[in-house]
Amino acid sequence: AQSVTQPDIHITVSEGASLELRCNYSYGATPYLFWYVQSPGQGLQLLLKYFSGDTLVQGIKGFEAEFKRSQSSFNLRKPSVHWSDAAEYFCAVGAHTGTASKLTFGTGTRLQVTL
Amino acid sequence: SQTIHQWPATLVQPVGSPLSLECTVEGTSNPNLYWYRQAAGRGLQLLFYSVGIGQISSEVPQNLSASRPQDRQFILSSKKLLLSDSGFYLCAWSVHGGPTDTQYFGPGTRLTVL
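Protein sequences appear in the order of chains A and B. Following this note's numbering, the residues of the first sequence are numbered contiguously, the last one being 115. Following this note's numbering, the residues of the second sequence are numbered contiguously, the last one being 1114.
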């Protein structure tokens, strides 16, 4: 069965500083990987996804993520964090049943941004 | 464009009472539909998914059930709520397609069982 580990429960960065959120996955086949962001009390918004091809994927809001098969990682990065980026971030791996794609999520990383 | 709605947004229910949460999708046909639960301080757990009307797959044994009476309507129910049913319930949809389906989430329902 697939699994996702987000080792950092909580991260605090200063506005303007760079950010890297870690994600490690376990999956026997080709992984389909996602990053979602959740603001307090809200649903999840898709930031970016990786299916195949270029291992560096660009997403919305200036985020990017790099897929590294050798490390089973899909870390999320942003060069300069804005105060509005404060939220909870979830990494997920998708597995297809033949008719539906099921997501397994990590436990999330809460990002706090200081001014 | 596609839109996903959930209601109610917030619900407070006593233990032992019934539950009905509704999710509807607009702007697409024959979507895959999903129910997730997010317990406090934890990640999301897939509860049910549906690939068509009347077709429900359950991921974990629990006190809840799901139904899909119409193509774009997905309902989460319980006959008797437990304290452990408290949480944030999210509905999602995806195109009824292949392995690279992307799931899009609704705004969620906050359920508190007292």
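Glycine included, each C-beta is placed from N, C-alpha and C at the ideal position.
Inset, instruction - Could you name the residues of the segment 16–35 of chain A whose beta carbon sits closer than 7 Å to any beta carbon of chain B, in the order they occur along the chain? - result: Y32
Legend entry - Three CB pairs or more closer than 8 Å across the segment 15–24 of chain A and the segment 1004–1016 of chain B: no
Legend entry - Alpha-carbon spacing of B:R1072 relative to A:T12, whole angstroms: Taking the second sequence and counting its residues from 1, one reaches residue 1072 of chain B at position 72. Taking the first sequence and counting its residues from 1, one reaches residue 12 of chain A at position 12. Near 40 Å, if we compare the C-alpha coordinates of A:T12 and B:R1072.
Legend entry - Limits of the unbroken beta strand (DSSP E) element including B:H1005: If you number the second sequence from 1, residue 1005 of chain B lands on position 5. Element bounds for B:H1005: T1003 to W1007.
Legend entry - Coil, strand or helix - A:S70 by DSSP: The sequence position of residue 70 of chain A within the first sequence is 70, counting from 1. A:S70: helix per DSSP, three-state reduction.
Inset, instruction - With 8 Å as the limit, tell me which residues of the segment 1066–1085 of chain B have their beta carbon closer than that to any beta carbon of chain A; keep them in chain order. - result: none
Inset, instruction - Using the Cα positions of A:V113 and A:V37, report the straight-line distance between them to the nearest angstrom. - result: Walking along the first sequence from the start, residue 113 of chain A turns up at place 113. Walking along the first sequence from the start, residue 37 of chain A turns up at place 37. Spanning the two alpha carbons is a distance of roughly 15 Å.
Legend entry - CB contact check: B:T1100 to chain A, cutoff 9 Å: Translated into positions along the second sequence, residue 1100 of chain B becomes position 100. At least one chain A Cβ lies under 9 Å of B:T1100.
Legend entry - Inter-stretch contact at 8 Å, needing at least 3 Cβ pairs: the segment 1030–1044 of chain B / the segment 97–110 of chain A: yes
Legend entry - When B:L1046, B:P1014, B:L1021 and B:L1081 are compared against A:F105, the one with the closest alpha-carbon: Residue 105 of chain A sits at position 105 when you count from the first residue of the first sequence. Minimum Cα distance to A:F105 is reached at B:L1046.
Inset, instruction - Return the chain-ordered list of same chain residues with a C-beta closer than 8 Å to the C-beta of B:L1044, the five sequence neighbours on each side being excluded. - result: Start at 1 with the first residue of the second sequence, and residue 1044 of chain B comes out as number 44. Excluding residues within five positions, the ones whose Cβ falls inside 8 Å are Y1036, R1037, Q1038 and L1090.
Inset, instruction - Compare the C-beta of A:S84 against all C-beta atoms of chain B and say whether one is closer than 9 Å. - result: Residue mapping note: residue 84 of chain A aligns to position 84 of the first sequence, counting from 1. It does not; no Cβ of chain B falls within 9 Å.
Inset, instruction - Kindly indicate which three-state DSSP category A:I119 falls into: helix, strand or coil? - result: Residue coverage of chain A in this structure runs from 1 to 115, which leaves residue 119 of chain A outside it and unanswerable.
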